[in-house]
Amino acid sequence: MAKLQTAFYQQKDVTAIARQLLGKILVTAIDGVRTAGIIVETEAYAGINDKASHAWNNRRTKRTATMYMPGGVAYVYLCYGIHYLFNVVTSVENTPHAVLIRALEPVDGIGMMKMRYNNKAGAQLTAGPGNLSKALGINSGMNGESLTGNKIWIEQAAQINDNLVSVSTRVGVQYAGEDAYLPYRFCIKNNNWVSKGKGL
DNA sequence: CGCAGGATGGGCT
DNA sequence: GCCCATCCTGCGG
1 MAKLQTAFYQ QKDVTAIARQ LLGKILVTAI DGVRTAGIIV ETEAYAGIND
51 KASHAWNNRR TKRTATMYMP GGVAYVYLCY GIHYLFNVVT SVENTPHAVL
101 IRALEPVDGI GMMKMRYNNK AGAQLTAGPG NLSKALGINS GMNGESLTGN
151 KIWIEQAAQI NDNLVSVSTR VGVQYAGEDA YLPYRFCIKN NNWVSKGKGL
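When we follow the UniProt record's numbering, the leftmost residue of the first sequence carries the number 1, and every step to the right adds one.
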């Protein structure tokens with residue numbers, strides 16, 4: 001299966017990338033073990049003009065520096081002190097756009113995912129951004145990692161038809177004011193792995 | 001069922 | 001100090 005290359009990640013329209021990522025395969029290879037899942041839910045964060053983005057108003061910190069890198073690297077950060085959230089950095093250098101991967105449908109290495117998860121999970125294994133990071137072994141060490149290398153990457157797959165995609169508002173961004181209402185969340189309809197609420 | 005609460009750490013006012 | 005782009009558990013009805 002072909003890896004997505006830099007040109008894909010550097011497209012200017014971050015919502016178009018978020019939309020196109022649905023149905024593609026997110027893969028990690030750690031200690032020779034492949035774990036992979038179909039991307040079923042994404043959210044776009046549109047850089048300095050998006051109040052929900054860490055990089056809103058051109059904010060630069062040690063943490064957000066990764067978002068300013070050229071498209072095609074991983075942006076991983078710790079949320080609520082517990083969960084690592086995995087984002088794909090998009091667009092060109094100094095344009096801090098990103099796509100948050102919110103849910104996967106497991107495909108390869110499910111046994112390994114369950115081991116990493118280390119509880120009675122089955123249904124929740126990769127539904128929700130904190131869960132999927134844990135299942136795929138994604139942590140802060142992956143921050144800034146290239147998505148065209150051999151640790152973590154995304155594989156090409158058939159485009160999901162528009163009538164199977166549902167568009168809605170993003171989760172957990174009430175603080176962003178009117179930007180909280182932007183239609184920047186993309187899910188595959190009727191997929192059991194979409195986080196909370198299932199299906200649509 | 002549903003919902004409140006806790007875990008836990010970095011970055012900002 | 002306090003706010004979070006979260007998730008699981010345990011409690012009450």
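Beta carbons: idealized from backbone N, C-alpha and C, even for Gly. The structure displayed is predicted, hence computed values, not measured ones.
Can you have a look at residue i and say buried or exposed, based on whether 16 or more other CB atoms are within 10 angstroms of its CB?
i, result
"Lys134", "buried"
"Gly197", "Only weak support exists for where Gly197 lies, its pLDDT of 46 falling under 50; the value from the coordinates is given anyway. Exposed: under 16 other Cβ atoms inside 10 Å."
"Asp179", "buried"
"Arg59", "exposed"
"Ala18", "buried"
"Lys24", "buried"
"Ala44", "buried"
"Glu93", "exposed"
What does a CB cutoff of less than 7 Å around residue i pick up in its chain, not counting 5 residues either side in sequence?
i, result
"Lys12", "Ser91"
"Asn57", "Ile48"
"Leu164", "Ile188, Lys189"
Do you know how far the Cα of residue j is from the Cα of residue i?
i, j, result
"Val99", "Gln124", "21 Å"
"Val76", "Gly137", "12 Å"
"Tyr36", "Ala16", "Note on residue identity: the sequence assigns Ala, not Tyr, to residue 36. Roughly 23 Å between the two C-alpha positions."
"Leu147", "Gln174", "30 Å"
"Ala7", "Gln156", "13 Å"
"Leu4", "Gln20", "11 Å"
"Arg102", "Leu182", "17 Å"
"Gly32", "Tyr117", "18 Å"
"Leu104", "Gly177", "28 Å"
"Leu26", "Met115", "19 Å"
"Tyr84", "Thr61", "18 Å"
Taking the beta strand (DSSP E) that residue i falls in, what are its first and last residues?
i, result
"Val33", "33 to 46"
"Val99", "97 to 108"
"Ser166", "165 to 168"
"Asn87", "83 to 90"
Within a Cβ cutoff of 8 Å, which residues of the same chain sit near residue i, ignoring the five residues on either side of it in sequence?
i, result
"Met113", "Thr35, Pro106, Leu125, Thr126, Ala135, Leu136"
"Gly144", "Thr66, Met69, Val73, Ala74, Tyr75"
Near residue i, what residues of its chain come up, given a Cβ to Cβ distance below 6 Å and the 5 sequence neighbours on each side ignored?
i, result
"Val88", "Val99"
"Leu132", "Leu104, Thr126"
I need the boundaries of the alpha helix (DSSP H) containing residue i, first residue and last residue.
i, result
"Arg19", "14 to 21"
"Ala135", "129 to 136"
* Are the region 175 to 192 and the region 67 to 81 touching, with three or more C-beta to C-beta distances below 8 Å? -> Short answer: they don't touch.
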